[in-house]
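Chains as they are written, first to last, in the working numbering: chain A, 415 to 542; chain B, 415 to 542.
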């Protein structure tokens, strides 16, 4: 399998786990030292325990049952990769969120070391 | 120079250009096809013209005069890299934003193909 195909599989398994509220599946393949920039506060969640808590929180949102990636781009070379996508993550039919991910392949297995999930702010709030 | 040292230089030059409201410097080293997930709407800005507009907007914010990266992590291998950092980007003394970046080295030069800038949402707004 190509690196891209391996990462497609990882992303598909992950999104399915999130939709199923399968907490172990949602955190599978994450680094013990993962740094998560999530949609809600805090500014960053460091480490697997804090990462797991971000999913516990999100599972309370009905949008989590529809969690899916759109317009995914995977850029991989050697043992490094990054991913960007839009996120279907609310009860709306249109994507509301954005995802960026940093991965490293360690001992032949892709590990997510960093995730960044966000919603854009309304222009008025952002200080326009 | 190592890949990491080259990217440190790119990030330092970029942040200095943003603080100086040097629009050409702020967009230097970006891909013609860059996809930007910015703090304010829209959901994504595609291409260099749309990317440039995100900086025109941000330069109206007095926080842009203090734009700086903190807790920067650079992960590079071969001709691929990703970066994460916290952003000092408001008039507050503490970082309020998060940055993730995807880069590729093309003809020996690092090119930013993707950026993701965001603020976390207050928990109440995020649906807690």
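Quick reminder that beta carbons are idealized off the backbone N, C-alpha and C, glycines included.
Next item on the list: Spell out a yes or no on whether the segment 525-537 of chain A and the segment 510-517 of chain A are touching, meaning 3 or more CB-CB pairs, one atom from each, closer than 8 Å.
Entry: yes
Check: Along chain B, in chain order, which residues have C-beta atoms closer than 9 Å to that of residue 494 of chain A?
Finding: Looking up residue 494 of chain A in the first chain gives position 80. Ordered by position in chain B, the residues that pass the 9 Å Cβ test against residue 494 of chain A are 489, 490, 491, 492, 494, 495, 496.
Check: How long is the line joining the alpha carbons of residue 399 of chain B and residue 520 of chain A, rounded to whole angstroms?
Finding: Any property of residue 399 of chain B remains undetermined from this structure, which presents chain B solely from 415 to 542.
Item checked: Candidates B:495, B:482, B:470: closest to residue 501 of chain B by CA position -> Here residue 501 of chain B refers to the residue found at position 87 of the second chain. Residue B:482 is the option with its Cα nearest to residue 501 of chain B.
Next item on the list: Please classify residue 511 of chain A: does DSSP put it in a helix, a strand, or coil?
Entry: Indexing the first chain from 1 puts residue 511 of chain A at position 97. Residue 511 of chain A falls in the strand class under three-state DSSP.
Checklist line | Selection from B:453, B:433, B:420 that minimises the alpha carbon distance to residue 443 of chain B | finding: As a first step, residue 443 of chain B must be located in the second chain, where it is residue number 29. Ranking the options by Cα distance to residue 443 of chain B, first place goes to B:420.
Check: In whole angstroms, what is the alpha-carbon distance linking residue 469 of chain A and residue 432 of chain A?
Finding: In the first chain, the residue the question calls residue 469 of chain A occupies position 55. In the first chain, the residue the question calls residue 432 of chain A occupies position 18. Taking the straight line from one Cα to the other gives about 8 Å.
Next item on the list: Output, in chain order, the set of chain B residues within a Cβ distance shorter than 9 Å of residue 455 of chain A.
Entry: As a first step, residue 455 of chain A is located in the first chain; it is residue number 41 there, counting from the start. Within 9 Å Cβ-Cβ: 534, 535, 536, 537, 540.
Item checked: Per DSSP, cross-strand counterpart(s) of residue 448 of chain B -> Residue numbering aside, residue 448 of chain B sits at position 34 when the second chain is read from its first letter. In DSSP, residue 448 of chain B forms no bridge with anything.
Notebook entry, point to check: Taking residue 536 of chain A as the reference, which of B:455, B:474, B:423, B:526 has the closest Cα?
Noted result: Walking along the first chain from the start, residue 536 of chain A turns up at place 122. The shortest C-alpha separation from residue 536 of chain A is found at B:455.
Note to self: Strictly by DSSP, which residues pair up with residue 459 of chain A?
What the structure shows: Translated into positions along the first chain, residue 459 of chain A becomes position 45. DSSP, once it has assigned bridges, lists A:450 as partnering residue 459 of chain A.
Margin query: Give me, in chain order, the residues of the same chain whose beta-carbon lies closer than 6 Å to that of residue 445 of chain A; leave out the 5 immediate sequence neighbours on both sides.
Written below: In the first chain, residue 445 of chain A corresponds to position 31, counting from 1. Around residue 445 of chain A: 525, 527.
Margin query: Using DSSP's beta-bridge definition, name the partner residues of residue 516 of chain B.
Written below: Residue numbering aside, residue 516 of chain B sits at position 102 when the second chain is read from its first letter. Residue 516 of chain B is bridged to B:496, B:528.
Next item on the list: Can you check DSSP and say which residues form a bridge with residue 490 of chain B?
Entry: On the second chain, position 76 is the one that residue 490 of chain B refers to. Residue 490 of chain B is bridged to B:495.
Item checked: Neighbour-count burial assignment, residue 498 of chain B, 16 or more Cβ in a 10 Å radius -> The count along the second chain starts at 1 and reaches residue 498 of chain B at position 84. Under this definition residue 498 of chain B is a buried residue.
Next item on the list: Report the option in B:489, B:452, B:422 whose CA atom is closest to the CA atom of residue 503 of chain B.
Entry: In the second chain, the residue the question calls residue 503 of chain B occupies position 89. Out of B:489, B:452, B:422, B:452 has the C-alpha closest to the C-alpha of residue 503 of chain B.
Notebook entry, point to check: Cα separation between residue 542 of chain B and residue 472 of chain A?
Noted result: Here residue 542 of chain B corresponds to residue number 128 of the second chain, with the count starting at 1. Here residue 472 of chain A corresponds to residue number 58 of the first chain, with the count starting at 1. Legend: pLDDT at residue 542 of chain B = 45, less than 50; position of this residue unreliable, value from coordinates given subsequently. If I take the Cα positions, the gap works out to 8 Å.
Check: Helix or strand or just coil, what does DSSP make of residue 474 of chain A?
Finding: The residue you call residue 474 of chain A lines up with position 60 of the first chain. Three-state DSSP puts residue 474 of chain A in coil, outside helix and strand.
Check: According to DSSP, is residue 502 of chain B helix, strand or coil?
Finding: Here residue 502 of chain B refers to the residue found at position 88 when the second chain is read from its first residue. Three-state result, residue 502 of chain B: strand.
Note to self: Tell me the residue span of the alpha helix (DSSP H) that contains residue 424 of chain B.
What the structure shows: Counting from one through the second chain, the residue named residue 424 of chain B turns up at place 10. Counting along the chain, the alpha helix (DSSP H) containing residue 424 of chain B begins and ends at 417-433.
Check: Out of B:437, B:436, B:465, B:434, which has the shortest C-alpha to C-alpha gap to residue 447 of chain B?
Finding: Mapped onto the second chain, residue 447 of chain B falls at position 33. With distances taken between Cα atoms, residue 447 of chain B lies closest to B:465.
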